[in-house]
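Input: a single structure, listed below in structure tokens.
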Amino acid sequence: MKVMITFFGVVTLLAGVVPFILGFLPEQYRMFLQGYFYIGLVVVIGLGGIGYAFSQGLFGMAKGLMFLYSVLVIIGGLLPLLGRFVSLPFPVEGVVQAGIIILLGVVGTVWGLKAYM
2 MKVMITFFGV VTLLAGVVPF ILGFLPEQYR MFLQGYFYIG LVVVIGLGGI
52 GYAFSQGLFG MAKGLMFLYS VLVIIGGLLP LLGRFVSLPF PVEGVVQAGI
102 IILLGVVGTV WGLKAYM
């Protein structure tokens, strides 16, 4: 169980780092890692976490925390899309969104790795 939670945390962390490495990639790869495709990537990671929480027999607090973590990842991915339609009191695109996704990735990774410590 903790292996998969760690996996989702690391994948979320990598998704948060992607916007920072775009400057080093050739132009043909950048279009796949920004905009709606990036939002979709983060949402798919969150949906995978929700699917794991309900399909793998997680019980009690572990199921609830995995579900909550996955919902937060989905919200982190959808914030820029929401910010295009509704005026939000804080910036949600660019570095801020990447920071939110990285923070969620670190939390998930630490939560998964604490079983090994």
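If you count by our numbering, then the sequence shown holds residues 2 to 118, one letter each, in order. Backbone N, C-alpha and C define an ideal beta-carbon position, used for all residues, glycine too.
State buried or exposed for residue i, treating a residue as buried only when at least 16 other CB atoms are found within 10 Å of its CB.
i: residue 98; result: buried
i: residue 67; result: buried
i: residue 43; result: buried
Going along the chain, which residues of its own chain have a beta-carbon closer than 7 Å to the beta-carbon of residue i, five neighbours each way excluded?
i: residue 40; result: 78, 79, 81, 82
i: residue 6; result: 67, 109, 112, 113
Taking Cβ to Cβ, would you say residue i is nearer than 7 Å to residue j?
i: residue 113; j: residue 17; result: no
i: residue 95; j: residue 13; result: no
i: residue 93; j: residue 84; result: yes
i: residue 71; j: residue 51; result: yes
i: residue 34; j: residue 45; result: no
State the Cα-Cα distance for the pair residue i and residue j, rounded to the nearest angstrom.
i: residue 1; j: residue 65; result: A query on residue 1 cannot be resolved here, the shown segment of the chain reaching from 2 to 118 and no further.
i: residue 29; j: residue 62; result: 43 Å
i: residue 116; j: residue 31; result: 36 Å
i: residue 55; j: residue 37; result: 27 Å
Within a Cβ cutoff of 6 Å, which residues of the same chain sit near residue i, ignoring the five residues on either side of it in sequence?
i: residue 101; result: 77
i: residue 21; result: none
i: residue 3; result: 113, 116
In chain order, what residues of the same chain have a beta carbon less than 8 Å from the beta carbon of residue i, not counting five sequence neighbours either side?
i: residue 15; result: 106
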